[in-house]
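Structure first, commentary second.
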Amino acid sequence: MTLDPAHPDTVYAGGYEGSAAAVYRTLDGGGNWSKVSAPGLSGQVNALAVCPSNPSLILAATTTGIYRSTDFGSSFARVAASVSSGKDLLFDPVDSQHVWAATGSQGVWHSGDGRLGWSAMNSGLDVQAMSRLAVNPGNWLFAGTACGAAWRWSLGTGVGEQGESPLPRPSVLAVPNPVMSGAEIRYPAP
């Protein structure tokens with residue numbers, strides 16, 4: 001889910017219906033939603049990002065790659081042909097020519113030319129399964145991995161470095177247990 005930074009009542013949500021990609025949009029802050037037809041988009045939509053300086057430009061990260069729309073999500077075309085699975089997208093809030101993509105098995109990718117040319121920025125990475133991104137404009141790009149680690153890149157050098165300690169592994173807590181009063185079941189999430 002993402003909102004249009006220029007029009008905060010416009011929100012986009014992505015997912016899939018059956019085996020087809022799906023994008024929904026509200027123009028009134030969630031009061032009414034409509035499905036956007038989104039031809040050209042395939043796979044499950046994992047993330048959407050609206051360009052801060054041009055709200056007609058929307059990127060989608062799906063299980064089949066990275067896609068670009070220039071018409072408010074009405075149609076999409078695949079970009080970054082080398083990227084096989086997108087997990088998250090992030091525009092630089094200061095310079096929207098820069099955008100990053102987290103991938104499920106290919107690390108982090110960057111575009112600095114208006115979202116058309118993409119390149120891997122995986123120098124120093126020993127983990128390629130990324131899940132989420134955050135940026136401190138002008139300083140650092142942060143990436144969370146699928147295995148519970150955090151990485152950061154100096155935006156000045158583009159070199160990745162692992163955080164000093166991995167994040168704690170998540171666990172699922174089921175309380176109360178309906179079978180036995182007072183029992184807890186803990187299972188480490190993969």
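The opening residue of the sequence shown carries number 1 in my numbering; numbering runs sequentially from there. Even glycine gets a Cβ: it sits at the ideal position worked out from N, Cα and C. Only a predicted model underlies this, so the values are computations on that prediction, with no experimental measurement involved.
State the CB to CB distance for the pair G86 and T62, rounded to an integer number of angstroms; the pair is presumed to be in contact (CB under 8 Å). Contact holds; Cβ gap of about 6 Å.
Distance check for M1 and N32, CA to CA, integer angstroms please. 15 Å
Pull up the distance between the alpha-carbon of G73 and that of G104, whole angstroms please. 23 Å
Would you identify the three-state DSSP class for P8, choosing helix, strand or coil? Here P8 sits in strand by DSSP.
Complete beta strand (DSSP E) runs within the segment 80 to 120 (minimum length 3 residues, chain order): 86 to 91, 99 to 103 and 108 to 111
Opposing strand residues paired with N136 [DSSP bridges]: W140
Would H7 be called buried (16 or more neighbouring beta carbons within 10 Å of its own) or exposed? H7 is exposed by the Cβ-count criterion.
CB contact flag (Y24, S37, <8 Å): no
To the nearest angstrom, how far is the alpha carbon of Y16 from that of M130? Computed Cα separation, rounded: 21 Å.
Since G14 contacts V45 with CB under 8 Å, what's their CB separation in whole angstroms? 3 Å
Is D9 buried or exposed, if buried means 16 or more other CB atoms sit within 10 Å of its CB? exposed
According to DSSP, is S165 part of a helix, a strand, or is it coil? Unreliable positioning characterises S165 in this predicted model, as indicated by a pLDDT of 39, which lies under 50. The coordinate reading is nonetheless provided below. In the structure shown, S165 sits in coil (DSSP, three-state: anything other than H, G, I, E or B).
From D71, R132, P137 and S84, residue whose alpha carbon lies closest to that of Q97: P137
Ordered along the chain, which non-local residues of its own chain (more than five positions away) have a Cβ less than 6 Å from that of L57? C51 and T70
Exposed or buried, which one is G18 when buried takes at least 16 other CB atoms within 10 Å? exposed
With 16 other Cβ atoms within 10 Å as the buried cut-off, status of D113: exposed
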